[in-house]
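Student: Chains as they are written, first to last, in my numbering: chain R, 1 to 174; chain S, 1001 to 1067. Ideal Cβ positions, reconstructed from N, Cα and C, are used throughout, including at glycine.
Structure follows, in structure tokens:
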């Protein structure tokens, strides 16, 4: 994955994307035990055209010239399928802005803070998101006092309470 | 008030051991964790530049066929 991250960083340096943050299972793995996944979710920031459209063509062209090939909804970069996901709502924007900078084998990269990862899981609300939320709570990997204002700010308090009720979780007791 | 369900001791012990196993793995470095994920992918038979599906298109339909 080191080489994959180096390519992502080079994309930023070359102006192909303005910046990126890693989310999904790879980011969750930073805080939890290793999570089986086939790809890296890369949320990226790119300048929007005057018409308000985001074009992925420059990104595909850039990577194509380097020999990296699309594979289903991902592009395989140095052995890792990468799913490029545009930042499209205020929560993702905040997750991008407040991302943590870490290193992987001395290569700097940016990953989402645990509170934003969890808020995005609440927003997405798939069964696998609920399963990951449970893992975060079980591992006590999150400061709930820091999470709840983010949920409230993005209109996610009700889905969060619904999740807690569904799994009979009382955070006051835990 | 309804009595909470009690797990058999051997099941409770197994779950406790598994939780401890997960906590131990969570304390690994990020590099070690990614190495484990990469190993999992190898065991699943993933190979570089080898798609697990191919797309077949016709004027009427597009479908993925598992290799």
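1. Using the rule of at least 16 other Cβ atoms within 10 Å of the residue's Cβ for burial, across every protein chain shown, is residue 1019 (chain S) buried or exposed?
2. Strictly under 8 Å for the Cβ-Cβ distance: is residue 100 (chain R) near chain S by that measure?
3. Across which residues does DSSP place residue 45 (chain R) in a beta bridge pair?
4. Use the C-beta contact count for residue 27 (chain R): other C-beta atoms within 10 angstroms, 16 or more gives buried, fewer gives exposed.
5. From residue 1008 (chain S) to residue 167 (chain R), what distance separates their C-alpha atoms?
6. Suppose contacts are defined by Cβ-Cβ distances below 8 Å. Is residue 169 (chain R) in contact with residue 119 (chain R) by that definition?
7. Might you give, ordered along the chain, the residues of its own chain that have their beta carbon closer than 7 Å to the beta carbon of residue 125 (chain R), omitting 5 neighbours on each side?
8. Check the Cβ of residue 1112 (chain S) against every Cβ in chain R and list those closer than 9 Å, keeping chain order.
9. How about residue 41 (chain R) and residue 15 (chain R): are their beta carbons less than 8 Å apart?
10. First and last residue of the beta strand (DSSP E) that includes residue 83 (chain R)?
11. When you compare the CB of residue 133 (chain R) with every CB in chain S, is at least one pair closer than 8 Å?
12. Within the 8 Å Cβ cut-off, does residue 119 (chain R) reach chain S?
13. Look up residue 149 (chain R) in the DSSP assignment and say whether it is helix, strand or coil.
14. Can you list, in chain order, the residues of its chain whose CB lies under 7 Å from that of residue 21 (chain R), leaving out five sequence neighbours each side?
15. Does any residue of chain R have a CB that is nearer than 8 Å to the CB of residue 1006 (chain S)?
Tutor: Per the coordinate set shown:
1. exposed
2. no
3. R:19
4. buried
5. 21 Å
6. no
7. 159
8. Nothing can be reported for residue 1112 (chain S): it is not among the residues displayed for chain S, which extend from 1001 to 1067.
9. no
10. 80-86
11. no
12. no
13. helix
14. 43, 95, 96, 99, 110, 111, 112
15. no
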